[in-house]
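A.B. asks: Got a structure here, written out as structure tokens. Questions coming.
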Amino acid sequence: MSFRTLALIAGALTALVPSWPVPAQQAAPGPPQSFFSELRWRNIGPHRASRTVAAVGHRGQPHTFYMAQVNGGVWKTTDAGRTWKPIFDDQSTGSIGSIVVAPSDPNIVYVGSGEGLHRPDLSTGEGMFKSTDAGNTWAHIGLRDAQQIPRIDVDPRDPNRLFVAALGHPYGPNEERGIFRSTNGGRSFEKVLYKDENTGGNDVDVDPSDSNVVYATMWEERQGPWENAVWAGTGGGIFKSTDGGTTWRPLTKGLPQVIQANLAISPANPRRIFATVASASEPGMLDQVRGAGGMYRSDDAGESWRLITDDTRPTGRIGGGDLPMPLPDPKNPEVVISASTVSWKSTDGGVTWAPFKGAPGGEDYQNGWINPDHPNIMIFGVDQGAVVTLNGGETWSSWYNQSTAQMYHVTADNAFPYRVCSGQQESGSACVSSRGNYGAISLRDWTPVGVDEYGYVAPDPLDPDIVYGGRNVTRYDRRTGQVSTVGPIGGRGGTGGPQGPFRTVRTMPVVFSEVDKRALFFANNHLWKTVNGGDRWQQISPDLTRASWETPRSVGKYAGLPGAQPSRRGVIYTIAPSYQEVNRIWVGTDDGLIHVTADAGKTWQDITPPAVDAWAKVSLIDAGRFDPLTAYAAINTLRLDDLRPHIFRTHDGGRTWTEIVNGIPAGETVNAVREDPKRKGLLFAGTERAVYVSFNDGAKWQSLRLNMGVTSVRDLIVKDDDLVSATHGRGFWILDDITPLRQIQGPLPGANDSVVLCKPTTAWRVRWNTSTDMPWPAEEPTGENPPDGAIINYYLPSAAAGEVILEITRADGRLVRRYSSTDPVTPVPEARTAPVPLYWLRAPKALSTAPGLHRFVWDIHHQPLPNPPGGGAGGGRGGGLPIQAIPYNTAPAPTTPWVAPGTYTMTLSVNGKRYSQPIEVKQDPRVKTPAVSMRQVYDWTNSMYFGAADAHAAALEAAELRGRVVELRASAPAS
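Using my numbering, read the sequence shown as starting at 118 and increasing by one per residue.
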């Protein structure tokens, strides 16, 4: 039974799309969600922002702004863009298309979700949200099925009266679209302007001088199942209401046949309205054409319009697709800015234009806001984030301070520390170190690698300084900085249909074999292989895409257009070389096919699951880590207007497949699935909302989102003992040390609810911060380093009855370090007594006695020695803090030496029982000092340390003897 058949059945039964049925099976329950409470993701950046479509401020708060990233949630600044903070992370979606602050109440903020831009990498939203406390808390208020909300406007005098432009489903028809009105702050919405299930609301604007006057634009467009399939119609247009949105009439005089339009009312003269208009070259339906652009103006409140300039620059499509937005000056009706590929400014009412802000590459200005009282204060939403000016554009804040990068994939090289790599939407590419040398991950710790923005990045497994990637396959050499093109074909092929023998889309797979580490694969509609760095390529497959197919039902009324007719259009979208057999390769296409070869491409077998329809995109295949006949496939059906999750599993080489999505909610399309390389059946999945984990080969899934903000997770990998996530809106995230997940058995990690001390991963003796300079300022954003020491995980099934003790001993049994739950934890001092500002200090932590999984870090140093008897407490500048400080993460400097590399034993004592595990400490592999010399250093420092310890013990003994002598003298009879 296909996706289509099941969707029809579901639609007949209920208006709500149910979860995809899962075959009956006994799914052993995983651990309770509380088990994961002390695991946490860390964001490593890069702090180079991506596409932001909405940005706004409030006239009474000139330094406070909000920006909405298309898949990174809502962010806020109170210092004019110097620093930004995410304020929407706990909501159900991170895809944002619009945001507005009520003009009469700065505490009321409305957010429309769904980015509202029709792009191949778009994400849908979950309706409308509202905050009544300036973004501190949020409530969902409706329109969940609108999916895309590009515009909201609020009555300037009544914060409870608002209008919403709902664009609707981008890939199919639906009813919840058009212009909606609420008069009670979002408690309810009424649809006040509607055309049909294919035409949605694109813009809405309330007249600032008369809130009964409202303008709106409607847009008829459908995104197709294959990349760059776009069908637009002339069912939309510009409309006006003079009774507060109850009735509407079209505005047509002087306008061409409108496909799409963006409006802006001049606050300085509300009868003047600017409109950027995409128009039809001839009446009727348009096939894969969005229409030519033009800048129009009305000076009589929309009754008549005229094209005001023949300059095409301010109306150029942003990035080739998005319609520019006019931004009138609030004080001067003759001044208007156009947010286009670059931003343009006119001082004569839009007749002539001059560049305002932009770069040769096209920064792509999506939207903006100008302070009504201070026109020199403005914010732009740009394809690279949000930027603020306080001086009319002379200077701007940076977009290198927002961790909203839209990454497409993730790979890691074999350097130490490893680097995490991907193409980044709008910006190019980035390889980010998983650990910075200076205590955090800053701009110094990531670099571009010569790959285009949509591309896979494939570091050479034999030489981490060589990096391949991109749809043309480039080769980057870190040592020289040279980038060369080494792909089998030149340039980007056709994306809308058959254009020559080879077809590519924006993101094409470039993947190394895990068995033959010289073998690099690239795919368009054929699979290619090189074993010599791209000097020579071999085509090892025929065209593996669909030769014919039935037009997907989601195309709807556009199915009869020439550009929607079945023809060979697909590409190979994912490559999964086997982890066991050098000749076995799995591939999946964006038009919904899966093939496998067991003989290095001589023959191919179509093994597509019967339930997979045409154009159900095979987003990612992961070959089984333990069995050559096992594979997992993530199927993304967003472009079929199906938001349900789909993951398939085979254990017999593709002869049979099982759907495995139990536990992943409806509405979360799946982008990625991976099997853990060390525990069979431990799976991870990335959806449009979060990361999920399964402990039973996909029979049951649980959320592993933890502290990660809600965002689209586009890819995942397991690197050594870490889980690495590439998000399309919040950059890279790393979940350090997943060994506890590997050691869980059944619902609890141990039999009979016993205490478990997890076997630890290798501890690297790495200096936390090698800087000798002044610290990185707290205002400069950084990614987070891994914990500075050995990560120790233990599980308590119930609260400990008494003290919990952790001891680390050498092979000879000598104690190296002892921790106790009763150890005094030095609290963070009060500001009036702190040696430095409190934002430098790391919160202290002690061993926990509470039930659950706990994570503790040993700093790989010897036990600190107490002050000698009669000695002082020390001190000095900074109260014992190192000069190499890290904002919010600075601990007192160690006072004892490192332990030597080697194997130690850690022992956990709980309720009278002892639990032990070996732990290996290894030297930083970048250290080139000979082992003999290092051994001498360790022997010397250890002899000094243990000598000091013995001296301290002797001093304590002497002090005790001295005290006894004093006591004896005091008690002796007087002579």
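Glycine included, every Cβ here is placed at the ideal spot set by N, Cα and C. What you are looking at is a predicted structure, and each value in this text was computed from that prediction instead of being measured.
(1) Give the range of the beta strand (DSSP E) segment to which E420 is assigned.
(2) Quick one: what does DSSP say Q1053 is sitting in, helix, strand or coil?
(3) How far does the alpha helix (DSSP H) with L858 in it reach, from first residue to last?
(4) Among the residues of its own chain, which have a CB less than 6 Å from the CB of G479, if the five just before and after it don't count?
(5) Counting along the chain, where does the beta strand (DSSP E) carrying W850 start and finish?
(6) According to DSSP, is F812 part of a helix, a strand, or is it coil?
(7) Give me the Cα-Cα distance between T619 and I692, rounded to the nearest whole angstrom.
(8) Hey, quick one: how far does the beta strand (DSSP E) through F619 stretch, first residue to last?
(9) Sorted by chain position, which residues of the same chain lie with C-beta nearer than 6 Å to G401's C-beta, five sequence neighbours on each side aside?
(10) On the three-state DSSP scale, how would you describe P576?
(11) Here's a check: name, in chain order, each residue in its chain whose Cβ is nearer than 6 Å to the Cβ of Y1055, leaving out the five neighbours to either side.
(12) Would you call the stretch 913-932 and the stretch 1039-1051 touching, i.e. three or more CB-CB distances under 8 Å?
(13) Any contact between the stretch 463-480 and the stretch 210-229? By contact I mean 3 or more CB pairs, one from each, below 8 Å.
(14) With a floor of 4 residues, list each alpha helix (DSSP H) that falls wholly inside the stretch 775-849, ordered by position along the chain.
(15) Just grab the DSSP bridge partners of C548 for me.
(16) Start and end of the beta strand (DSSP E) containing R176?
(17) So is S601 buried or exposed if we call it buried at 16+ other beta carbons inside 10 Å?
(18) Looking only at C-alpha atoms, which of R298, A392, S396, G303 sits nearest to G362?
(19) Whose CA, out of P694, A917, E1074, D1067, lies closest to the CA of N1028?
(20) On the DSSP letters alone, give me the boundaries of the beta strand (DSSP E) that S463 sits inside.
(21) Indicate the three-state DSSP secondary structure (helix, strand or coil) for A960 in the structure shown.
(22) Who are the Cβ neighbours of W563 in its own chain at under 7 Å, not counting the five residues just before and after it?
(23) What do you reckon, are the CB atoms on G709 and T725 nearer than 8 Å?
(24) V827 and L833 - do their beta-carbons sit closer together than 8 Å?
(25) May I have a chain-ordered list of the beta strand (DSSP E) segments no shorter than 3 residues that lie completely inside the stretch 1018-1051?
(26) Out of T950, D838, K876, which one is the CA nearest neighbour of Y535?
(27) Among Q980, E1077, Y525, which one has its Cα closest to the Cα of V933?
(28) Roughly how many angstroms lie between the CA atoms of G848 and T521, to the nearest whole one?
(29) Can you tell me whether S736 is helix, strand or coil according to DSSP?
(30) Please confirm whether any heavy atom of the ligand GTP lies closer than 7 Å to the CB of G718.
(31) Pair every Cβ in the stretch 803-822 with every Cβ in the stretch 776-791, then say whether three or more of these pairs are closer than 8 Å.
(32) Which residues in the same chain as G780 place their Cβ atom closer than 8 Å to its Cβ, once the five residues preceding and following it in sequence are excluded?
(33) Pull up the distance between the alpha-carbon of M412 and that of R388, whole angstroms please.
(34) What separation, rounded to the nearest whole angstrom, lies between the Cα atoms of P565 and G545?
(35) Go to Q523, then tell me how far its beta strand (DSSP E) extends in each direction, as first and last residue.
(36) Are T1120 and Y690 closer than 8 Å when you measure CB to CB?
C.D. replies: On the basis of the supplied data:
(1) Within the sequence shown, numbered from 1, the residue matching residue 420 stands at position 303. Note, E420: premise wrong, no beta strand (DSSP E); not H, not E.
(2) The count along the sequence shown starts at 1 and reaches residue 1053 at position 936. Helix at Q1053.
(3) Residue numbering aside, residue 858 sits at position 741 when the sequence shown is read from its first letter. Secondary structure note for L858: its alpha helix (DSSP H) is the uninterrupted segment 856-859.
(4) Sequence index remark: in the sequence shown, residue 479 carries index 362 (1-based). Cβ neighbours of G479 beyond the five flanking positions: T458.
(5) Counting from one through the sequence shown, the residue named residue 850 turns up at place 733. From DSSP, the beta strand (DSSP E) with W850 extends over 849-852.
(6) Within the sequence shown, the letter at position 695 stands for residue 812. Coil, per DSSP.
(7) Stepping through the sequence shown from its first residue, residue 619 is reached at position 502. Stepping through the sequence shown from its first residue, residue 692 is reached at position 575. One point to set straight first is that residue 619 is Phe, not Thr, in the sequence displayed. C-alpha separation (whole angstroms): 17 Å.
(8) Position 502 of the sequence shown, counting from 1, holds the residue named residue 619. Where F619 is concerned, there is no enclosing beta strand (DSSP E), given that its DSSP letter is neither H nor E.
(9) Position 284 of the sequence shown holds residue 401. Since pLDDT at G401 reaches only 44, below the 50 mark, its modelled position is unreliable, and the value read off the structure follows with that caveat. Result list for G401: empty, nothing under 6 Å.
(10) Position 459 of the sequence shown, counting from 1, holds the residue named residue 576. Here P576 sits in strand by DSSP.
(11) If you number the sequence shown from 1, residue 1055 lands on position 938. Here the set comprises A1017.
(12) By the Cβ test, the stretch 913-932 is not in contact with the stretch 1039-1051, since fewer than three Cβ pairs between them sit closer than 8 Å.
(13) Flag = no, the stretch 463-480 and the stretch 210-229 do not touch.
(14) Listed in chain order, there is nothing to give.
(15) Translated into the one-based positions of the sequence shown, residue 548 becomes position 431. DSSP lists C538, T564 as the bridge partner or partners of C548.
(16) Counting from 1 along the sequence shown, the entry for residue 176 is found at position 59. Per DSSP, R176 belongs to no beta strand (DSSP E) and is neither H nor E.
(17) Taking the first residue of the sequence shown as 1, we reach residue 601 at position 484. Under this definition S601 is an exposed residue.
(18) Counting from one through the sequence shown, the residue named residue 362 turns up at place 245. Of all alpha-carbon atoms in R298, A392, S396, G303, the one lying nearest the alpha-carbon of G362 is that of R298.
(19) For this step, residue 1028 is matched to residue 911 along the sequence shown. Considering only alpha carbons, the answer is A917.
(20) Counted from its first residue, the sequence shown places residue 463 at position 346. Going by DSSP, S463 is part of the beta strand (DSSP E) stretching over 460-463.
(21) Numbered from 1 along the sequence shown, position 843 holds the residue referred to as residue 960. Reduced to three states, the DSSP call for A960 is coil.
(22) Your numbering for residue 563 matches position 446 in the sequence shown. Around W563: G162, P163, A547, C548, V549, S550.
(23) For the purposes of this step, residue 709 is identified with residue 592 of the sequence shown, where counting begins at 1. For the purposes of this step, residue 725 is identified with residue 608 of the sequence shown, where counting begins at 1. Inclusion of G709 and T725 in the CB contact set at 8 Å is warranted, their separation being smaller than that value.
(24) Position 716 of the sequence shown, counted from the first residue, corresponds to residue 833. Position 710 of the sequence shown, counted from the first residue, corresponds to residue 827. L833 places its beta carbon 8 Å or farther from that of V827.
(25) DSSP runs (the beta strand (DSSP E)) wholly in the stretch 1018-1051: 1019-1027, 1030-1040.
(26) Working through the sequence shown from its first residue, we reach residue 535 at position 418. Ranking the options by Cα distance to Y535, first place goes to D838.
(27) Stepping through the sequence shown from its first residue, residue 933 is reached at position 816. Across the set Q980, E1077, Y525, the C-alpha of Q980 shows the shortest separation from the C-alpha of V933.
(28) Mapped onto the sequence shown, residue 848 falls at position 731. Mapped onto the sequence shown, residue 521 falls at position 404. The alpha-carbon atoms of G848 and T521 are separated by roughly 6 Å.
(29) In the sequence shown, the residue the question calls residue 736 occupies position 619. S736: strand per DSSP, three-state reduction.
(30) The model depicted lacks the ligand GTP and carries no ligand whatsoever.
(31) In this structure the stretch 803-822 lies against the stretch 776-791, because at least three pairs of beta carbons, one per stretch, are closer than 8 Å.
(32) In the sequence shown, residue 780 corresponds to position 663, counting from 1. Excluding sequence neighbours, G780 sits near Y809, S811, K817, W818, Q819.
(33) The residue you call residue 412 lines up with position 295 of the sequence shown. The residue you call residue 388 lines up with position 271 of the sequence shown. Each residue's alpha carbon lies about 16 Å from the other.
(34) Within the sequence shown, residue 565 is the residue found at index 448, counting from 1. Within the sequence shown, residue 545 is the residue found at index 428, counting from 1. For P565 and G545, the distance between alpha carbons rounds to 7 Å.
(35) The sequence position of residue 523 within the sequence shown is 406, counting from 1. Segment: none, Q523 is in no beta strand (DSSP E) and carries neither H nor E.
(36) Past the edges of the chain, shown from 118 to 1092, lies residue 1120, and the structure says nothing about it.
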